[in-house]
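Asker: Just dropping this structure here.
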């Protein structure tokens, strides 16, 4: 079986719509926002291509206006999850044998639909349901997912299927990149619509079938993604859409002998719990499941005394507060030289004072609301702890309001000790903490950064001294899976900076690269001998 294919040039990254005032794209998106904000839709489970209304409903609301009901979604019951497992295994029979060109065509078409007629719908649903600004939604829900669809197709062809062994004279060696036997469980987060789409679509692209459990706070946009993929030609049962309780759905999923893999983005604690459950279930699974996860982060910016002040301050504000800090890559802890601190502190505080926050339909806002009440309570708890502690000082922000939506001001904290909770623990909100270090103990400060949290997702160094930038980068080699020099630690671009971290931040299987796709295939090596021997005796036997 020859899977060798022709190489072709990589696609270009999708251009970002800037939504400048009075532009046609702004008018179009605002019109869609207005229409969708006035709707209340029913969101079913989708199993085997059929909609299932379980009657066990929950509300989709806007984080920035929690009285606004956008829809009612039907939660999957254990019976529906089992139907999805059965449907996936029926679909697997044909999908796993479907030529890669057909699979690529479906997801390439999905990219074109998202780049065109579906763009406003996916962006608007992300803005309304997840409280993202137009620009944050555009980068995430449109551009990044378009890039995932296109670049995954490119990587699958060039770096997976075309990865074939050498053949010695008289034989032909090939590798058959088979999909996994069973189904992949895609457990997706609220904060990136693109990640939700990619976690379910990437395994499917490689010939697998999937059960997709979206976050309960991102069901609206994820439902529209499911409908987008169906319009692109995704066959029934290849991806089954199962909103509902993570605990209930997971329980049924991990009881099935057909469970073949987990594709996860979420908290470290949940991922570790899932890994343990999977390990306990190994005797009943047909094969050893593949486990791919991107989890928490406590992402840093380390400033050297040669850092450009303006660039450092802007990177801090953008890196920490875009999308309310609800990014696993968000800048959350800073290490600042003492002699830079007064100027840096005042500049960041001044920028924070100009930030507008509110409804995403107002395109002049830089920030919106955090995702829900649970997040609001957790984040404000960290802020209040800092307010009452002698080891911390709130430099800017620190206020919050829950009256209309879950709004928390961008908050800047100085920590007097490097192990203060806001310097070490993942907060997942608009809070950034700084520790001021003495320039004459640079190596000690680097050690604090390296060992300051259990995570290793993203990090950045700011230095105009190239030797020092390289030195700090080497010292922090294992502290971040994505490392930035003189740039904020957020905004990885598919095809340019494959994303993922190690330590407590995940398995580092780099979404947006061939490495991730390789996890969803099992290689079968085939050797064909043209002239097989017909005598068992070897020449040395005489």
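Numbering (the numbering used here), first residue to last: 6 to 547.
All C-beta atoms, glycine included, are put in the ideal place defined by N, C-alpha and C.
Note that the structure is predicted; figures quoted are calculated from it, not measured.
Roughly how many angstroms lie between the CA atoms of residue 368 and residue 222, to the nearest whole one?
Answerer: In the chain shown, the residue the question calls residue 368 occupies position 363. In the chain shown, the residue the question calls residue 222 occupies position 217. Answer to the nearest angstrom: the Cα atoms are 22 Å apart.
Asker: So, under 8 Å CB-CB, residue 264 and residue 300 are touching, yes? Tell me the CB distance rounded to an integer number of Å.
Answerer: Locating residue 264 in the chain shown gives position 259, counting from the first residue. Locating residue 300 in the chain shown gives position 295, counting from the first residue. With a Cβ gap of about 20 Å, residue 264 and residue 300 do not count as contacting.
Asker: Given that a residue counts as buried once 16 or more other Cβ atoms are within 10 Å of its Cβ, and exposed if not, what is residue 475?
Answerer: On the chain shown, position 470 is the one that residue 475 refers to. Exposed: under 16 other Cβ atoms inside 10 Å.
Asker: Tell me the rounded alpha-carbon separation between residue 54 and residue 245.
Answerer: What you label residue 54 is simply residue 49 of the chain shown in a count that begins at 1. What you label residue 245 is simply residue 240 of the chain shown in a count that begins at 1. Residue 54 and residue 245: Cα-Cα distance of roughly 8 Å.
Asker: Does DSSP classify residue 123 as helix, strand or coil?
Answerer: Numbered from 1 along the chain shown, position 118 holds the residue referred to as residue 123. Residue 123 falls in the coil class under three-state DSSP.
Asker: Going by DSSP, name the residue or residues bridged to residue 298.
Answerer: Here the question's residue 298 lines up with position 293 in the chain shown. Beta-bridge pairing links residue 298 to 269.
Asker: Looking at the ligand NAP, does it come within less than 6 Å of residue 144, judged from the CB to the closest heavy atom?
Answerer: The model depicted lacks the ligand NAP and carries no ligand whatsoever.
Asker: Once DSSP output is grouped into helix, strand and coil, what is the label at residue 304?
Answerer: Numbered from 1 along the chain shown, position 299 holds the residue referred to as residue 304. If DSSP states are grouped into helix, strand and coil, residue 304 belongs with the strands.
Asker: With distances taken from CA atoms, which of 366, 364, 409 and 361 is nearest residue 378?
Answerer: Translated into positions along the chain shown, residue 378 becomes position 373. It is 409.
Asker: DSSP beta-bridge partners for residue 342?
Answerer: Stepping through the chain shown from its first residue, residue 342 is reached at position 337. Its beta-bridge partners are 442.
Asker: On a CA-only basis, which of 226, 219, 190 and 70 is nearest residue 129? Give me that one, please.
Answerer: Position 124 of the chain shown holds residue 129. Considering only alpha carbons, the answer is 226.
Asker: The beta strand (DSSP E) that contains residue 451, what's its start and end?
Answerer: Residue numbering aside, residue 451 sits at position 446 when the chain shown is read from its first letter. Per DSSP, residue 451 belongs to no beta strand (DSSP E); it is in the alpha helix (DSSP H), 447 to 456.
Asker: Any contact of the region 186 to 206 with the region 84 to 97, i.e. 3+ C-beta pairs under 8 Å?
Answerer: Touching, yes, given that three or more Cβ pairs across the two stretches are closer than 8 Å.
Asker: Apart from the five residues just before and just after residue 256, which ones in its own chain have a Cβ nearer than 8 Å to its Cβ?
Answerer: Indexing the chain shown from 1 puts residue 256 at position 251. The residues are 83.
Asker: In angstroms with no decimal places, state the Cα-to-Cα distance between residue 356 and residue 261.
Answerer: By one-based count along the chain shown, residue 356 stands at place 351. By one-based count along the chain shown, residue 261 stands at place 256. Taking the straight line joining both Cα atoms gives about 53 Å.
Asker: Could you check the C-alpha separation between residue 267 and residue 213 for me, to the nearest Å?
Answerer: Position 262 of the chain shown, counted from the start, is the residue given in the question as residue 267. Position 208 of the chain shown, counted from the start, is the residue given in the question as residue 213. Approximately 12 Å, taken between the alpha carbons.
Asker: Would you please state the rounded distance, in angstroms, between the beta carbons of residue 114 and residue 238? I believe it to be under 8 Å.
Answerer: Residue 114 sits at position 109 when you count from the first residue of the chain shown. Residue 238 sits at position 233 when you count from the first residue of the chain shown. About 6 Å; that satisfies the 8 Å criterion.
Asker: Can you tell me whether residue 29 is buried or exposed? The criterion is at least 16 other CB atoms within 10 Å of its CB, across all chains shown.
Answerer: Mapped onto the chain shown, residue 29 falls at position 24. Label assigned to residue 29: exposed.
Asker: Terminal residues of the continuous beta strand (DSSP E) containing residue 476?
Answerer: Reading the chain shown from its first residue, position 471 is the one you call residue 476. Careful: residue 476 lies outside any beta strand (DSSP E), inside the alpha helix (DSSP H) at 471 to 480.
Asker: Please state whether the Cβ-Cβ distance between residue 313 and residue 494 is less than 7 Å.
Answerer: Along the chain shown, one-based indexing puts residue 313 at 308. Along the chain shown, one-based indexing puts residue 494 at 489. Contact flag unset, no.
Asker: From what residue to what residue does the alpha helix (DSSP H) around residue 160 run?
Answerer: The residue labelled residue 160 in the question sits at position 155 within the chain shown. From DSSP, the alpha helix (DSSP H) with residue 160 extends over 150 to 160.
Asker: Let me know the secondary structure DSSP gives residue 288 once reduced to three states.
Answerer: Translated into positions along the chain shown, residue 288 becomes position 283. Correct three-state label for residue 288: helix.
Asker: Just to confirm my understanding: we take residue 45, look at its own chain, exclude 5 residues before and 5 after, and list those with CB closer than 8 Å. What are they?
Answerer: As a working mapping, residue 45 is identified with position 40 in the chain shown. These residues qualify, in order along the chain: 74, 75, 76 and 77.
Asker: Could you please give me the residues that DSSP links to residue 362 through a beta bridge?
Answerer: Position 357 of the chain shown, counted from the first residue, corresponds to residue 362. Per DSSP, 372.
Asker: Please give me, in chain order, every unbroken run of the alpha helix (DSSP H) with length at least 4 that falls completely inside the region 134 to 209.
Answerer: Listed in chain order, the complete alpha helix (DSSP H) runs (minimum 4 residues) inside the region 134 to 209 are 139 to 142 and 150 to 160.
Asker: When DSSP builds the beta bridges, which residues end up paired with residue 78?
Answerer: Position 73 of the chain shown holds residue 78. BP columns for residue 78 point to 48 and 63.
Asker: Span of the beta strand (DSSP E) holding residue 243?
Answerer: Here residue 243 is taken as the residue at index 238 of the chain shown, counted from 1. Segment: none, residue 243 is in no beta strand (DSSP E) and carries neither H nor E.
Asker: Can you tell me whether residue 471 is buried or exposed? The criterion is at least 16 other CB atoms within 10 Å of its CB, across all chains shown.
Answerer: As a position in the chain shown, residue 471 is number 466, starting the count at 1. Exposed, because fewer than 16 other Cβ atoms sit within 10 Å of the Cβ of residue 471.
Asker: Starting from residue 509 and walking both ways along the beta strand (DSSP E), at which residues does that stretch end?
Answerer: Position 504 of the chain shown, counted from the first residue, corresponds to residue 509. Per DSSP, residue 509 belongs to no beta strand (DSSP E) and is neither H nor E.
Asker: What residue range does the beta strand (DSSP E) around residue 487 cover?
Answerer: Walking along the chain shown from the start, residue 487 turns up at place 482. From DSSP, the beta strand (DSSP E) with residue 487 extends over 487 to 490.
Asker: In chain order, what are the residue ranges of uninterrupted alpha helix (DSSP H) at least 4 long that sit wholly in the region 413 to 439?
Answerer: If we require 4 residues or more, the alpha helix (DSSP H) runs fully inside the region 413 to 439 come out as 426 to 429.
Asker: Report yes or no: is there a C-beta of chain D within less than 7 Å of the C-beta of residue 244?
Answerer: No chain D appears in this structure, which consists of one protein chain only.
Asker: Can you tell me which of 127, 105 and 111 puts its alpha carbon nearest to the alpha carbon of residue 228?
Answerer: Numbered from its first residue, the chain shown carries residue 228 at position 223. The shortest C-alpha separation from residue 228 is found at 127.
Asker: Going by the DSSP bridge assignment, what does residue 571 pair with across the sheet?
Answerer: This structure cannot speak to residue 571, because the chain is shown only from 6 to 547.
Asker: Compare the beta carbon distance of residue 108 and residue 16 with 7 Å and say whether it is the shorter of the two.
Answerer: Along the chain shown, read from residue 1 onward, the residue named residue 108 stands at position 103. Along the chain shown, read from residue 1 onward, the residue named residue 16 stands at position 11. Against a cut-off of 7 Å, the Cβ pair of residue 16 and residue 108 comes out as no contact.
Asker: Over what stretch of residues does the alpha helix (DSSP H) that includes residue 379 continue unbroken?
Answerer: Numbered from its first residue, the chain shown carries residue 379 at position 374. Start and end: 378 to 393.
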